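Visitor: Okay, handing you the structure first.
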Amino acid sequence: MENVVISNSQFALFGLGAFLAIVVPLAVAIVWKVVKKERFTTILIGAAIFLVFAIVIEKLLQNALLMTDNPAGKFINSYPVLLAFVAGLFPGLFEETGRFFAFKTLLKKRTNRETSISYGIGHGGFEVMFVIGMVFVEYIVYAVMINTGTYGEMISQAREQIQGQSNPLIEQQMGTLTALPSQLAAFGFAEFALTMLERVIAVLFHIGASILVFYACKDKKKVWLYPLAIVLHTLADFVAALYLFGVVKMNEWIFEGVFAVISLAVFFGGYFLLYRKDKDRGILKPVEDIPEPAQVAEG
């Protein structure tokens, strides 16, 4: 393995990334709650549903299908495009179904339009904290291992454990780990900025998807927005999987541009076509403005 050294400036970027991944989502959630006088429990429910449906249920079933020795998994793994589609379908199906479940049960009495964005902030914000925060922490750990010379030993042991196995997902993960030292050694402010920008766009996507599913639950005539959210989420992650699995070769900035177009279309479509047109803004009238029953009868 190539001998590389991770610099102090790169350690600083990793630390800053982990810090921002925790602090920024919390700050956004608090500011939104205060400004809109929203219930913080809505945000927490968004985070909890993401944890249960995406991190626990989705990953368990996805790993059982694709990472174990079974006929269906072997068939899917034999076709990279199909594998990319399934990798996109799982988050699309489970995360949007999680939203649908939350709005139909836990949040069914919260019909003000702000509920949709509160949930999206919780869902997308927790993903940033859990996924990106953990990634930067892992970068720090791996960087220490690289500088101390123990990273190569870990890769060698991992290769021995998977020797004889033929699984594209495992091979892709091993390829990522093998290339990681050179990637970390080349990690600079441009890569840091791109990672942060991609996460902002991803959170906007989650807010937009939350708006779609919220109105699918709020208005029976708009229930079609729920399967639409699944399709759009699957499309976004399908494109990402095609790039990550090397099925489609493209510049990283071009890939991020395609992802941004899909994500921003979902956000602005949901915001302007649904959220802005909803008059149920969750603003409670002062007691004196609510007519008494007798006044209503006289009117």
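Position in the sequence shown (first residue = 1) + 652 = this note's numbering. Idealized CB from N, CA, C, for every residue including glycine. Values in this document were obtained by computation on a predicted structure and should not be read as measured data.
Is the Cβ-Cβ distance between Thr828 and Ile807 less than 8 Å?
Guide: As a working note, residue 828 is residue 176 in the sequence shown. As a working note, residue 807 is residue 155 in the sequence shown. Not in contact: Thr828 and Ile807 (Cβ atoms no closer than 8 Å).
Visitor: Can you tell me where the alpha helix (DSSP H) holding Lys688 begins and where it ends?
Guide: Taking the sequence shown and counting its residues from 1, the one referred to as residue 688 is at position 36. Segment 660 to 688, the alpha helix (DSSP H) holding Lys688.
Visitor: Would you mind reading off the limits of the alpha helix (DSSP H) that contains Arg811?
Guide: In the sequence shown, residue 811 corresponds to position 159, counting from 1. Here the alpha helix (DSSP H) through Arg811 covers 803 to 813.
Visitor: May I ask you to report which of helix, strand or coil DSSP gives Phe911?
Guide: Your numbering for residue 911 matches position 259 in the sequence shown. Helix.
Visitor: Helix, strand or coil: which one does DSSP assign to Ala699?
Guide: Reading the sequence shown from its first residue, position 47 is the one you call residue 699. The answer is helix: DSSP assigns Ala699 an H, G or I state.
Visitor: Please confirm if the stretch 873 to 887 is in contact with the stretch 742 to 760, defined as three or more CB-CB distances below 8 Å between the two stretches.
Guide: Counting Cβ pairs under 8 Å, three or more are found: they touch.
Visitor: Is it true that the stretch 691 to 703 meets the stretch 765 to 785, where meeting means three or more beta-carbon pairs spaced less than 8 Å apart?
Guide: Judged by Cβ distances under 8 Å, the stretch 691 to 703 makes contact with the stretch 765 to 785, as three or more pairs qualify.
Visitor: Between the Cα of Ile853 and the Cα atoms of Val796, Phe911, Leu836, Phe782, which residue gives the shortest distance?
Guide: In the sequence shown, the residue the question calls residue 853 occupies position 201. Cα-wise, what sits closest to Ile853 is Phe911.
Visitor: Just to confirm before moving on: does the CB-CB distance between Thr757 and Asp932 stay below 8 Å?
Guide: Numbered from its first residue, the sequence shown carries residue 757 at position 105. Numbered from its first residue, the sequence shown carries residue 932 at position 280. In this structure, Asp932 does not lie closer than 8 Å to Thr757 by Cβ.
Visitor: Using a 10 Å radius around the Cβ and a threshold of 16 neighbouring Cβ atoms, would you call Lys870 buried or exposed?
Guide: Translated into the one-based positions of the sequence shown, residue 870 becomes position 218. Flag for Lys870 reads buried.
Visitor: Could you give the DSSP three-state label for Asn715: helix, strand or coil?
Guide: To locate residue 715, count along the sequence shown from 1; it is residue 63. Looking at Asn715 - three-state DSSP - the assignment turns out to be helix.
Visitor: Just the Cα atoms here: how many angstroms apart are Lys929 and Val918?
Guide: As a position in the sequence shown, residue 929 is number 277, starting the count at 1. As a position in the sequence shown, residue 918 is number 266, starting the count at 1. For Lys929 and Val918, the distance between alpha carbons rounds to 16 Å.
Visitor: Counting only the same chain and skipping the five closest in sequence on each side, list residues whose C-beta sits under 6 Å from that of Gly669.
Guide: If you number the sequence shown from 1, residue 669 lands on position 17. Once the five neighbours on either side are set aside, the close Cβ partners of Gly669 are Phe788.
Visitor: Taking three-plus beta-carbon pairs below 8 Å as touching, is the stretch 886 to 898 in contact with the stretch 730 to 744?
Guide: In short, these stretches touch, since the Cβ pair count reaches three.
Visitor: With a CB to CB cut of under 6 Å and the five nearest residues on each side skipped, what residues in its chain are close to Gly725?
Guide: Along the sequence shown, one-based indexing puts residue 725 at 73. The answer, listed in chain order, is Leu717, Leu718.
Visitor: So is Ser862 buried or exposed if we call it buried at 16+ other beta carbons inside 10 Å?
Guide: One-based indexing of the sequence shown puts residue 862 at position 210. The residue in question, Ser862, is buried, as its Cβ has 16 or more Cβ neighbours within 10 Å.
Visitor: Does the contact criterion of 3 or more C-beta pairs under 8 Å hold for the stretch 841 to 848 versus the stretch 662 to 680?
Guide: A contact exists between the stretch 841 to 848 and the stretch 662 to 680.
Visitor: Give me the Cβ distance between Glu690 and Ser770, rounded to the nearest whole Å; I'm assuming they're in contact under 8 Å.
Guide: Taking the sequence shown and counting its residues from 1, one reaches residue 690 at position 38. Taking the sequence shown and counting its residues from 1, one reaches residue 770 at position 118. About 5 Å separates the two Cβ atoms, so the contact holds.
Visitor: Can you grab the Cα-Cα spacing for the pair Leu836 / Gly804, in whole Å?
Guide: To locate residue 836, count along the sequence shown from 1; it is residue 184. To locate residue 804, count along the sequence shown from 1; it is residue 152. Looking at the two C-alpha atoms, the distance is approximately 14 Å.
Visitor: State yes or no: is the C-beta of Ile859 within less than 8 Å of the C-beta of Ile658?
Guide: Here residue 859 is taken as the residue at index 207 of the sequence shown, counted from 1. Here residue 658 is taken as the residue at index 6 of the sequence shown, counted from 1. No, Cβ-Cβ distance for Ile859 and Ile658 is not below 8 Å.
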